[in-house]
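Protein chains: 2
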Amino acid sequence: MALADPTRRAIFEKLAEGRLSVAELARVMPVSQPAISQHLKVLKEARLVVDQPAGARRIYSIDPSGLGPLRQWLDRFWDEQLAAFKTLADGDETE
Amino acid sequence: MALADPTRRAIFEKLAEGRLSVAELARVMPVSQPAISQHLKVLKEARLVVDQPAGARRIYSIDPSGLGPLRQWLDRFWDEQLAAFKTLADGDETE
DNA sequence: AATTATGATAAGTCATGACTTATGAAGCGA
DNA sequence: TCGCTTCATAAGTCATGACTTATCATAATT
Chain A
0 MALADPTRRA IFEKLAEGRL SVAELARVMP VSQPAISQHL KVLKEARLVV DQPAGARRIY
60 SIDPSGLGPL RQWLDRFWDE QLAAFKTLAD GDETE
Chain B
0 MALADPTRRA IFEKLAEGRL SVAELARVMP VSQPAISQHL KVLKEARLVV DQPAGARRIY
60 SIDPSGLGPL RQWLDRFWDE QLAAFKTLAD GDETE
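In order, the protein sequences belong to chains A and B.
Under numbering that gives the first Met the number 0, read the first sequence as residues 0 to 94, first letter to last.
Under numbering that gives the first Met the number 0, read the second sequence as residues 0 to 94, first letter to last.
See the structure below:
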C-alpha cells in the first residue's frame, strides 16, 4: 500500500492541492530531495500520481483514477458490514 | 495505517466474513498464534475490530465504524479531484 | 486436582524500507 | 560554453515492525 507511509501521504495531500515540481515539494517537506523522488517513484508505480516533464523540471500531479481500487475495496466492506449489521438489528438471534 | 500490512488486511477480510476466535484465525492464516494476537492488537487499537470474551476464547469481529475516517479521507480527495478535473475539462487553459 | 485449550505477552531475530550523502545527467540562462 | 538548477539513481545506515519460540494466566474438561 503506497499510502501507508505518512510522508508519502503528506506528499499526496500536497499534490491534491495543486501540481508541484520535485523541488517545490522538497522545499515544503522536511526531507531531502532524493527522499521526495523516491516517494514519488512509489506513488507513480501505484498509479496514484502522474508526472510531466517541463524543461529541467518535472511536474507531478494526482492521478485520481488511482484511488478507484481503494475506493472499491472500501465500499465492499462498507456494504458487507452494513448488511451484517442490518441483519443483526432486525431481531436476529442466530447467534 | 493499520491496514498497510498484507497479513493484517487478510485477517481483516476474514473477519469481514464473520466473527472468529484467535485460534480459528491462526488455523486459517499461515502465521503463528502470537502473530495473530499481535495483529489483532493493532487492529483493535485502530478501532477496526472489537473483541468479546467467550469463556477461554475471545471472539473478534469487525468494527465497521472504524472504516469511517478512511472513507472520509478518501471521499475528500475524490471530490477535490473530480472538481479539479471538471475545471480543466470546462475549457480551462490557465496552464 | 490434573490436563488441555486458548490467548496474551516477552524477548530476540531478521527483512524491509525510509532516510541520508554523493554523484551524474539534462535543461536553461549569462 | 560555463555555471546553476533540477531531478534521478547509487550506496550505505538505521529504525521499524513482522515474525519466531518460550512462557504464563485463565478457563473448560475429565
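Built from N, CA and C at the ideal position, the CB exists for glycine as well.
Quiz item: Which residues bound the beta strand (DSSP E) around P52 (chain A)?
Solution: By one-based count along the first sequence, residue 52 (chain A) stands at place 53. Counted as a single uninterrupted DSSP element, the beta strand (DSSP E) harbouring P52 (chain A) occupies residues 48 to 53.
Quiz item: By Cβ distance, which residues of its chain are closer than 6 Å to I58 (chain A), with the 5 residues on each side in sequence left out?
Solution: The residue you call residue 58 (chain A) lines up with position 59 of the first sequence. Excluding positions up to five away in sequence, the list reads R18, S20, Q51.
Quiz item: How far does the alpha helix (DSSP H) with I36 (chain A) in it reach, from first residue to last?
Solution: Indexing the first sequence from 1 puts residue 36 (chain A) at position 37. Going by the sequence as given, residue 36 (chain A) is Ser instead of Ile. Element bounds for S36 (chain A): 32 to 44.
Self-check item: Cutoff 9 Å: E94 (chain B) Cβ touching any chain A Cβ
Solution: Walking along the second sequence from the start, residue 94 (chain B) turns up at place 95. Note on E94 (chain B): pLDDT 35, under 50, position unreliable in the model; no value is reported.
Quiz item: Can you find at least 3 beta carbon pairs, one from the region 32 to 41 of chain A and one from the region 2 to 9 of chain A, that sit closer than 8 Å?
Solution: Counting Cβ pairs under 8 Å, three or more are found: they touch.
Exercise. Give me the Cβ distance between F11 (chain B) and L2 (chain B), rounded to the nearest whole Å; I'm assuming they're in contact under 8 Å.
Key: On the second sequence, position 12 is the one that residue 11 (chain B) refers to. On the second sequence, position 3 is the one that residue 2 (chain B) refers to. F11 (chain B) to L2 (chain B), Cβ: 6 Å. Contact.
Quiz item: For L19 (chain A), does the three-state DSSP call read helix, strand or coil?
Solution: Along the first sequence, read from residue 1 onward, the residue named residue 19 (chain A) stands at position 20. The three-state reading of DSSP puts L19 (chain A) in strand, counting E and B together.
Self-check item: Given K13 (chain A) as reference, the closest of A:P68, A:E44, A:V48 once Cα atoms are compared
Solution: As a working note, residue 13 (chain A) is residue 14 in the first sequence. With respect to the C-alpha of K13 (chain A), the residue from A:P68, A:E44, A:V48 having the closest C-alpha is A:V48.
Exercise. Using DSSP bridges, identify the partner residues of R7 (chain B).
Key: Walking along the second sequence from the start, residue 7 (chain B) turns up at place 8. Answer by DSSP bridge pairing: none, since R7 (chain B) is not bridged.
Quiz item: Smallest Cα separation from L73 (chain A): which of B:D62, B:R75, B:L69?
Solution: Stepping through the first sequence from its first residue, residue 73 (chain A) is reached at position 74. Closest by C-alpha distance to L73 (chain A), out of B:D62, B:R75, B:L69, is B:L69.
Quiz item: Considering only residues of the same chain and omitting the five flanking positions on each side of L42 (chain A), which have a CB-CB separation below 6 Å?
Solution: Counted from its first residue, the first sequence places residue 42 (chain A) at position 43. Closer than 6 Å at the Cβ level, and outside the excluded window around L42 (chain A), lie A1, V48.
Quiz item: Within the 9 Å Cβ cut-off, does L66 (chain B) reach chain A?
Solution: The residue you call residue 66 (chain B) lines up with position 67 of the second sequence. Taking Cβ atoms only, chain A reaches closer than 9 Å to L66 (chain B), which makes this a yes.
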